[in-house]
Structures are given as C-alpha cells and as structure tokens.
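Enquirer: Pasting a structure below so you can have a look.
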Amino acid sequence: MCGIVGAVARENVVPILIEGIRRLEYRGYDSTGLAVINGSLQRLVSTARVADLAAQAARTHLEGHTGISHTRWATHGAPTPDNAHPHVSHGEIAIVHNGIIENFEPLRERLQKRGYRFVTQTDSEVIAHLIHSHYEGDLLAAVTKAVREFRGAYAIAAISTREPDRIVGARAGSPLLVGLGEGDHYLASDASALAPVTRRVVYLEEGDIADITRAAYAIYDTAGAPVSRQPVTVKVASEVELGPYQHFMQKEIFEQPRAIADTLDGVGGIGPDLFGANAAEALNRVRAVHLLACGTSYYSALVGRLWLEGVAALPAQAEIASEYRYRPSVPDPEALVVVISQSGETADTLAALKHAGTLGHRHTLGICNVASSSMVRQTALTYLTRAGTEIGVASTKAFTTQLVALFLLTLTLAKLRGRLSTQDEARWLAGLRHLPAAVQSVLALEPSIIAWAERFARKQDALFLGRGLHYPIALEGALKLKEISYIHGEAYPAGELKHGPLALVDASMPVVAIAPNDALLEKLKSNLQEVRARGGELYVLADADSHIESSEGVHVLRLPEHAGLLSPVVHTIPLQLLAYHTAVMRGTDVDKPRNLAKSVTVE
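For the sequence shown, my numbering assigns the number 285 to the initial residue and increments by one for each residue that follows.
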C-alpha cells in the first residue's frame, strides 16, 4: 500500500527518494510525490507512475540534501494532485503518512478555528498543520506533541525548512524503520526501498519516534524517553526481472514449483522444530487452533481449518482478521493463534494478533513470506514461506506456499497428538515433495485454459463451485477473476446451489466446478446436473479418473493426477491461469489492478 522513503545525506537525495518509492511500486498506489529542502521547501507530485515524478524532477533539476517521498493508495479523498503526499503547512513543514487518522475531523475543526487552511480531502493534512501548531524550533518536540493527539494507525516522516538537516519519523500500527549509512541516514516503510544505499536498519517498535540527522539518529518512546533498538542487517531480494513473461503475475504462477520446493527445503521430517527453537513446548499444549487472515490468506486459513480438524482432530476456526477484534470472543489460553500474511504488514491481521494478546493468548504462530516483517517479529513462532518476491497484486505463489505451511502445521500437531503414524508421515512427506512436479504438470495445461479464457473474456459474471476442501479454492478462484479481470465472480459450496444461487444460472452464466476424485465427487456430479438442467454452461476441473465427460455445454479439463488431501494446492493453479488469461484478453492492468494494493497497511 502506501510507501515512505526519507533521506538526510551529503549527496543529492532526489535519486534516492525516487528509486526508493519505485521499489515500492508493486504494492499498488494511485499518486506519488516528494518534497526536498533546498533553501525553501520544494514539492513535486504526480497522479501517474513514479516514472512521471522522476521526469518532473529531471526537467526541473530538483536537488536537495534532505527530503521525503511517498506513494499513496487513496483512502480519504480521490487520487488528485492536491491530495497527493507530501502535505505542507505554511510552506515550512512537510509530512508523508501511511495509515489512517481516525480522529482527523475534530482535529481539523480545531485547527481551522485557529486559522489553518485545508486544501485537501485527506485525513493526513491534519498531521502537517498539527505539527506546525506545536512547532517552536524543535521538530522532535513538535512531532512528539502531535502524535499524542492522534488516534488510529500511522507511520509518518516530517521535515522543516527551519531545521534543514533533520527528519523526524514516528509509528504506531504501521511499519517504519531507520536506515543506517556511512554519514547518511534514511527512513523507510520497507527495507527493500533502501537496498541501493544500505542493508543495515533499525526497526521502530510501536509508539517509537525517530530523530534522524546526517551524522546520527536517536529513538524515543511516546513519553520522550530515549530507547535502544538493535540494528540488523537485512537480506533484500535482488532486483526482480520480468524475463520472458508478459506480466509478473504470469511469471509468479509459473514460479510455483520452485516456490513450493523452496518452502519445503530443509523439511527432513515432521516435528515442532519446523516452527522455531521453542515450538515443542507451545505446540504440545495446544488444544485448539484459531486462524486469522485477510483476503487470499483467509482462504488458505479455511483450507487449514479443514485439515486441522480432519487430520489432527483439533478444534479449529478460521476468521477474517478485520472482524475478529470487533466482536466479543471467548479466549482460550491453550489455543494456538495462527496469523497468515504474505507481507507480514497487513494492518488488520496485525491488529487481530495484538487483540489476541490482550485476551491472554500466549501461543502465536506467523505464516509469512517476509522474514523482516512486523508479523515475524511479533509472533512467538514462525514458518517462513519462501515464495520469493511477489510483485503482482493478485497473490499466487504466496497462497500455495501458505497452504504447504499449513499442511506441515497440521501434520506436526497430528504427530504430537499421536494421530500420525510413521507410514502416514512418510506418505504425506512424499506427497509434499511431489507437489512441485504435480504443479508443473498442471501448468502444461495452459493452452487449454487460454481457450476457456477466450469465452470468459466476453462474460460479466461467473459462478465457482466446490465442496469440502475445494470450496475455499472456489472462493480463491472467484477472487482472482474479479481482482484482475473485473468480472463479477461468486463462489458457493456446490450443495448450496438449490438454496438460492441457482436462480442466477442461465446460458450466459459460466459455472466453474472443482471436481477432484474424492469422497464428495458423486454429490458434486448431482449439483452439476442441476446447472445443466437450467441451461448453464459448465467448466469442470476434474482429475484424470473422475469419469466426467465433455459434452454440449460441459467443458472438462483433466488434471494429470489426484493429490489427495493436497489437491487444493494443485487445483488452485488452473484457476490462477484462467483469471490471468481472461484479464489479458480484456486488456486490464494485470499486475496493478484498479483500486487495489499489494500490502494493505491501513485498516
């Protein structure tokens, strides 16, 4: 989502600021801007891409040794030049902000009464004016006073023309870090933004305020007391190249065999040590599992819940993280709270994790793709999905590797409870290790899926059906289609058709059915007959031995083999390819779909 980069350096910082936010482009944004101090405060903004901002900077020969830059994903106010960050107060204070200030309206009303003029529709503008209202020559003091009045989530960076070699940053509920250079210092919302200039960073903790100059940095808590945070050296992924692919999403779909293999690297057997050095004590105590996630990660949690109850015989529930913290719940100190996120910075999921802590949940596990993320630092146990950098907004390889991690967790808890025999452990380990080959064989079906996509590209609606473990996969297929092709997709458990959705079925409504050869196949076949009886056109993803034949109005794609309990991983692949090729044929911006962001760092 929104990205922040700041720099105080001996050299011109404009190239650093632009390159930093360019590296955050994949998160999604709809405007961008920067401000530098060069005698006065100079600001550039664009509602196009970062490349347009760079062209403006080159054309105007913009330079400065202190500055801040930003990519904005609009929440309050449309993506216009006025609403783009940085925001400025009285020509001398400039700020950038990630997050949402929940009490911005009373703050704005109070500041307007004091004579401050607002020119944007954003909640963020109040920050600039509030800092200015407290400013008496010390930017740190002004920011410290201002943040005490905020309510909500924020990461901010502020500069002042009256202190031209200083940046002050603060965070609560949104990530921010200090980058350590040789005589230069930086601020960013993500370490990858600073990869060209430093790999040594200091992560700010909740409520921290950072005071940064060219020569030094200091960190304080909200009370103003100095605190110490340990510098770390981060491993940042090298520059991602598109290679022979048309889009990053296509590349990432085809990287899944490698991503799954990497996620399984080092898994010699099933045991609690897979989740951390101290995992055995915690996992042996677990009597239930509570999975929290958003979006695609939530659908992986739904599959995980069924695995945990079916294999490990543990009570499990999956819940949308943004709902969990706003309802009364019954805490269970012996439950394992599992939070799932590709980025590890998903605001709703982190807030749910924090809420679980306040309820007394001690056992927490993060399933995440980013080793340096807030989630990894805040959970007691971790399993890293080694999917690699995922650029496309619509998640693909992160999802399938999350499923792999959840299956390993299921097997581990089953083994600790005496429900996994030696033979079953060996069988499922062999199944996991075969997954890369199974996925590769499904990717070879791409030409057939392109033929389906040609039909889907002319539609406005689609229905996805699945049963048991494959209902969440139907949900994921519908989400992928709507995310990038803008075709309305809905998913239902197939048995629910006759309870309402069947009213939508006619010759213009394509119906995608996931039909593995499992215990529910015969039931599913009956549901498919209900669709055909109403003139619906079926697109069936079947295993080789499912005995479902193509006919008029029934299109069957046969997957090479049945993967048993791991079938959800395999059946996800054709749905990703269907969404991708449908979107390409409709001419949408596949990697950066409208209105969406890669890392959702606001509630």
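Note that CB positions come from ideal geometry on N, CA and C, so glycine has one too.
1) Run through the stretch 563-641 for me and flag every whole beta strand (DSSP E) of 3 or more residues, listed as ranges in chain order.
2) If you draw a straight line from the alpha carbon of Ile-288 to that of Thr-364, how long is it in whole angstroms?
3) Determine, using beta carbons only, whether Thr-663 and Gly-650 come nearer to each other than 7 Å.
4) With distance defined between alpha-carbon atoms, name the residue in Ala-605, Ala-572, Arg-661 and Tyr-504 nearest to Arg-589.
5) Nearest CA to the CA of Ile-352: which residue from Val-297, Ala-563 and Val-334?
6) Can you list, in chain order, the residues of its chain whose CB lies under 8 Å from that of Arg-701, leaving out five sequence neighbours each side?
7) From Ala-226 to Leu-693, what distance separates their C-alpha atoms?
8) Quick one: what's got a C-beta closer than 6 Å to Thr-680's C-beta in the same chain, skipping five residues either side?
9) Might you give, ordered along the chain, the residues of its own chain that have their beta carbon closer than 7 Å to the beta carbon of Lys-764, omitting 5 neighbours on each side?
10) Drop a sphere of 10 angstroms on the beta-carbon of Gln-534, count the other beta-carbons inside from all chains shown, and report buried for 16 or more, exposed for fewer.
11) Assign Pro-541 to buried or exposed, taking buried as 16 or more other Cβ atoms, counted over all protein chains shown, within 10 Å of its Cβ.
12) Hey, Ile-384 and Thr-359 are a contact pair by Cβ (cut 8 Å); roughly how many whole angstroms apart?
13) Just the C-alpha distance for Thr-648 and Val-621, rounded to the nearest angstrom, thanks.
14) Which residues share a DSSP beta bridge with Asn-382?
15) Could you please give me the residues that DSSP links to Ala-472 through a beta bridge?
16) Specify the secondary structure class of Ile-321 as computed by DSSP and reduced to three states.
17) Residue range of the beta strand (DSSP E) that His-345 falls in?
18) How is Asp-366 classed by DSSP in three states: helix, strand or coil?
19) Starting from the C-beta of Leu-781, find all residues in its chain whose C-beta is less than 6 Å away, skip the five residues before and the five after it, and write them out in chain order.
20) Contact between the stretch 627-643 and the stretch 602-614 is defined here as three or more beta-carbon pairs at a separation below 8 Å; is this criterion met?
21) Does DSSP put Val-530 in a helix, a strand or coil?
22) What runs of the alpha helix (DSSP H), each 4 residues or longer, lie entirely inside the stretch 644-692?
23) Could you check whether Ile-443 and Leu-471 sit closer than 7 Å to each other, using their CB atoms as the reference points?
24) Would you mind giving the Cβ-Cβ distance between Thr-316 and Val-334, rounded to the nearest angstrom? I have them listed as a contact below 8 Å.
25) What residue range is occupied by the uninterrupted alpha helix (DSSP H) comprising Glu-709?
26) Per DSSP, which one or two residues make a beta bridge with Tyr-770?
27) When the Cα atoms are used, what is the spatial distance from Gln-686 to Leu-346?
28) Is there contact here, the stretch 318-328 with the stretch 483-490, by at least three beta-carbon pairs under 8 Å?
29) Between the Cα of Ile-798 and the Cα atoms of Leu-788, Ala-775, Leu-786 and Ala-502, which residue gives the shortest distance?
30) Is it the case that the Cβ atoms of Ala-671 and Ile-624 are separated by a distance below 7 Å?
31) In its own chain, which residues sit with a C-beta less than 6 Å from the C-beta of Lys-699, not counting the 5 before and 5 after it?
32) Closer than 8 Å is the cut-off here; do at least three beta carbon pairs connect the stretch 562-577 with the stretch 729-737?
33) Nearest-angstrom Cα distance between Val-904 and Gly-312?
34) Can you give the Cα-Cα distance for Glu-523 and Pro-390, rounded to whole angstroms?
35) So, does the stretch 454-469 touch the stretch 415-422, judging by three or more C-beta pairs under 8 Å?
36) Which of the three DSSP states is assigned to Arg-306 in this structure?
Expert: Taking the definition as stated:
1) 572-577, 600-604 and 619-625
2) 18 Å
3) yes
4) Ala-572
5) Val-297
6) Ala-596, Ala-597 and Leu-598
7) The chain is shown from 285 up to 887; residue 226 falls before or after that span and cannot be answered.
8) Glu-536, Ile-537 and Gln-860
9) Ala-678, Leu-859, Gln-860 and Ala-863
10) buried
11) buried
12) 6 Å
13) 5 Å
14) Ala-439
15) Per the DSSP secondary-structure output, Ala-472 pairs in a beta bridge with Val-289 and Leu-461.
16) Strand.
17) Segment: none, His-345 is in no beta strand (DSSP E) and carries neither H nor E.
18) coil
19) Asn-811 and Glu-814
20) yes
21) For the record, residue 530 in the displayed sequence is Gln; it is not Val. Here Gln-530 sits in coil by DSSP.
22) Correct list: 658-662.
23) no
24) Contact holds; Cβ gap of about 5 Å.
25) 706-727
26) Paired residue(s): none; Tyr-770 is not in a bridge.
27) 44 Å
28) The answer is no - the stretch 483-490 does not touch the stretch 318-328, with fewer than three Cβ pairs under 8 Å.
29) Ala-775
30) no
31) Ile-554
32) no
33) Within the shown structure, residues of the chain are numbered from 285 to 887, placing residue 904 beyond reach of any answer.
34) The predicted position of Glu-523 is uncertain, since its pLDDT is 48 and thus under 50; a value taken from the coordinates is nonetheless stated next. Roughly 44 Å between the two C-alpha positions.
35) no
36) Arg-306 falls in the helix class under three-state DSSP.
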